[in-house]
Amino acid sequence: MRRGPAVAAVCLSLSLALVACAPGGESAPSAERAGRESSLDTGRETAPEPRVVLPFEPVEVLSREPWEFGPHRGVAERTRRYRVFTTLAPGRARDRLAPFMERALGTYTRELGPLPQPTVLLDVYVLRDREQWARMTRQELREDAGPYLAILRGGFSWRGRAFLYDLGADDTLRLAAHEGWHQYTQTAFKEPLPVWLEEGIASWMEGHRVGADGRVSFVPWGNVERHAELARLARAGERFSVRELLDQTPQELLVDQAGSDASALGYYARAWALTAWLISEPDGTTSTRRAKLRELLADAAGGRMSARVNERLGVESNVFRNRRGPWVFRAYLEEDLDAADRSFAAFVAAITAEGSGERVRAGLPPVSATRP
3 MRRGPAVAAV CLSLSLALVA CAPGGESAPS AERAGRESSL DTGRETAPEP RVVLPFEPVE
63 VLSREPWEFG PHRGVAERTR RYRVFTTLAP GRARDRLAPF MERALGTYTR ELGPLPQPTV
123 LLDVYVLRDR EQWARMTRQE LREDAGPYLA ILRGGFSWRG RAFLYDLGAD DTLRLAAHEG
183 WHQYTQTAFK EPLPVWLEEG IASWMEGHRV GADGRVSFVP WGNVERHAEL ARLARAGERF
243 SVRELLDQTP QELLVDQAGS DASALGYYAR AWALTAWLIS EPDGTTSTRR AKLRELLADA
303 AGGRMSARVN ERLGVESNVF RNRRGPWVFR AYLEEDLDAA DRSFAAFVAA ITAEGSGERV
363 RAGLPPVSAT RP
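Letter by letter, the sequence shown follows residues 3 to 374 of my numbering.
Given below as structure tokens:
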């Protein structure tokens, strides 16, 4: 297995909300470049669903075998598209992992338009505690492990594999959904998305609900942690600028000069809100920007994004090779960044208004479609 380049900055995790990480400067390899050995026959494609909160469908576990990590005993489960290796203790939390990832993938490939299925098995490692996770990180990443070992509470994806540890039932699944998006794009997309969009969609995918019967529904609006942080920023009078967000990466904001982690939390909340702005209006109705976003994602998956930006703006691909800057946004979504700033700021004000938190906790859009 090839090792990826070292990450320039550290991904930390926070007590208020998790911080997840994909290598900030690394391109997402296509399936052919990922160096993976396990292939997957995806079969015939099904007709895409226009909007996905997937009904529960049983996920078949194709195999379940003992697995050991050093002295720690665990289990390896294989589903159609995933291999989940875990040292979690037997019980409901462990049993949910593989079905959860399968259902997350269904959301990834249908929620934002029909996107390609992965052509390789996606490996997810969920260790019982941080000590085991750190040992695996050193073992697998070797000299590149340093930045990841600074993660205090969270996980990361690397070359199409996700490395997580137990954070409690809900947070572990939220982190798995976030990192699952990263490992999906790292293996299925021929071109990497800009960081602002990659992290925004990953954060948007975190929202889910587990029913009393254990059935999972993906409800992107139902992300209490991201919404609460966004509302805190709004109450503090923070400025919400698309232009600024396009040129930031979470790695460089993880710890500010005062040693606070607030800037990292704020980044993910803003990225989550930006994706929400692109996808829907505050009341959950479809945004006209959604069709443009679908085109962007389809082009990145098919390897056409750089050429399209060059065609529309006359910008060479190496200008945005570091995955930041306004070029992709201007080429696909909105050329007038001042207008985008005004619209986004108004959107944030609407979705953080008084009473919005209760609706988000219920998994609903923050603004009722029927309000006066």
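Note that CB positions come from ideal geometry on N, CA and C, so glycine has one too. All values derive from a computational prediction rather than experimental measurement.
Problem set entry | Buried or exposed by the 16-neighbour rule on C-beta atoms within 10 Å, applied to Ala91 | Around the beta carbon of Ala91, a 10 Å sphere encloses fewer than 16 other beta carbons of the protein chains shown; the residue is thus reported as exposed.
Exercise. Could you check where the beta strand (DSSP E) with Arg139 kicks off and where it finishes?
Worked result: It should be noted that the sequence gives Thr, not Arg, for residue 139. For Thr139, there is no enclosing beta strand (DSSP E); the enclosing alpha helix (DSSP H) has its first and last residue at Arg132 to Leu143.
Exercise. What's the call for Pro68, buried or exposed, on a 16-neighbour Cβ count within 10 Å?
Worked result: exposed
Exercise. Going straight from the alpha carbon of Arg98 to that of Ala171, what length do you get?
Worked result: 9 Å
Exercise. Once you ignore the five residues that flank Val221 on each side, which residues in its own chain have a CB closer than 8 Å to its CB?
Worked result: Contacts found: Val55, Gly209, His210, Arg211 and Gly365.
Problem set entry | Element boundaries [beta strand (DSSP E), containing Val128] | Leu124 to Leu129
For this session: For Ser243, collect the residues of the same chain with a Cβ closer than 7 Å to its Cβ; drop the 5 residues on either side in sequence, then sort them by chain order.
Result: Taken in chain order, the residues that qualify are Asp343.
Exercise. Using the rule of at least 16 other Cβ atoms within 10 Å of the residue's Cβ for burial, across every protein chain shown, is Asn225 buried or exposed?
Worked result: The residue is buried, with at least 16 neighbouring Cβ atoms inside 10 Å.
Exercise. With distances taken from CA atoms, which of Leu248, Leu280, Asp125 and Ala152 is nearest His184?
Worked result: Asp125
For this session: Would you identify the three-state DSSP class for Trp279, choosing helix, strand or coil?
Result: DSSP places Trp279 in helix when its eight states are reduced to three.
Exercise. Does any heavy atom of the ligand NAP sit closer than 7 Å to the C-beta of Pro73?
Worked result: The ligand content of the structure shown is nil, which means the ligand NAP is not present either.
Problem set entry | Local Cβ density within 10 Å of Ala36, reported as buried at 16 or more and exposed below that | With a pLDDT of 36 at Ala36, under the threshold of 50, the predicted position of this residue should be treated as unreliable, and no value is reported.
Exercise. Which one of Leu335, Ala179, Ile153 and Gly162 has the shortest CA to CA distance from Gln188?
Worked result: Gly162
Exercise. Helix, strand or coil: how does DSSP classify Val221 here?
Worked result: coil
Problem set entry | Supposed contact pair Thr111 and Pro119 - C-beta distance, whole angstroms, cut 8 Å | One detail in the question is off: residue 119 reads as Gln in this sequence, not Pro. The Cβ separation is near 6 Å, so the contact holds.
Exercise. Hey, Ala178 and Leu166 are a contact pair by Cβ (cut 8 Å); roughly how many whole angstroms apart?
Worked result: 6 Å
For this session: Throw me the rounded Cβ distance for the Leu299 and Trp198 pair, which I believe falls under 8 Å.
Result: With a Cβ gap of about 14 Å, Leu299 and Trp198 do not count as contacting.
Exercise. Can you tell me whether Ser65 is buried or exposed, with buried defined as 16 or more other CB within 10 angstroms of its CB?
Worked result: exposed
For this session: Output the boundary residues of the beta strand (DSSP E) element that contains Gly76.
Result: His74 to Arg80
Exercise. Arg38 to Gly239, Cα distance in whole Å?
Worked result: Its pLDDT being 36, under 50, Arg38 is placed unreliably in this model, and the value from its coordinates should be taken loosely. Roughly 47 Å between the two C-alpha positions.
Exercise. Between which two residues does the alpha helix (DSSP H) harbouring Ser358 extend?
Worked result: Looking at the DSSP string, the run of the alpha helix (DSSP H) that includes Ser358 is Ser358 to Arg363.
Exercise. Taking the C-alpha atoms as reference points, what is the distance between Ala106 and Gly182?
Worked result: 8 Å
For this session: Taking all protein chains shown into account, decide if Glu336 is buried (16 or more other Cβ within 10 angstroms of its Cβ) or exposed.
Result: Counting Cβ neighbours within 10 Å, Glu336 comes out buried, since at least 16 surround it.
Exercise. Is it the case that the Cβ atoms of Arg228 and Tyr270 are separated by a distance below 8 Å?
Worked result: With respect to the 8 Å criterion, Arg228 and Tyr270 are classified as neighbours on the basis of their beta carbons.
For this session: Please list, in chain order, all residues of the same chain as Ala164 whose beta carbon is under 8 Å from its beta carbon, the five residues on each side excluded.
Result: Leu124, Asp125, Val126, Tyr127, Gly157, Phe158, Ala178, Glu181, Gly182, His184 and Gln185
Problem set entry | Per-residue burial, Arg96 [other beta carbons within 10 Å of its own, 16 or more giving buried] | buried
Exercise. Hey, how far is the Cα of Glu193 from the Cα of Ser308?
Worked result: 8 Å
For this session: Counting only the same chain and skipping the five closest in sequence on each side, list residues whose C-beta sits under 6 Å from that of Arg85.
Result: Leu123 and Asp125
Exercise. Per DSSP, what kind of secondary structure is Arg112 in: helix, strand or coil?
Worked result: Three-state result, Arg112: helix.
For this session: Specify the secondary structure class of Gly162 as computed by DSSP and reduced to three states.
Result: In the structure shown, Gly162 sits in coil (DSSP, three-state: anything other than H, G, I, E or B).
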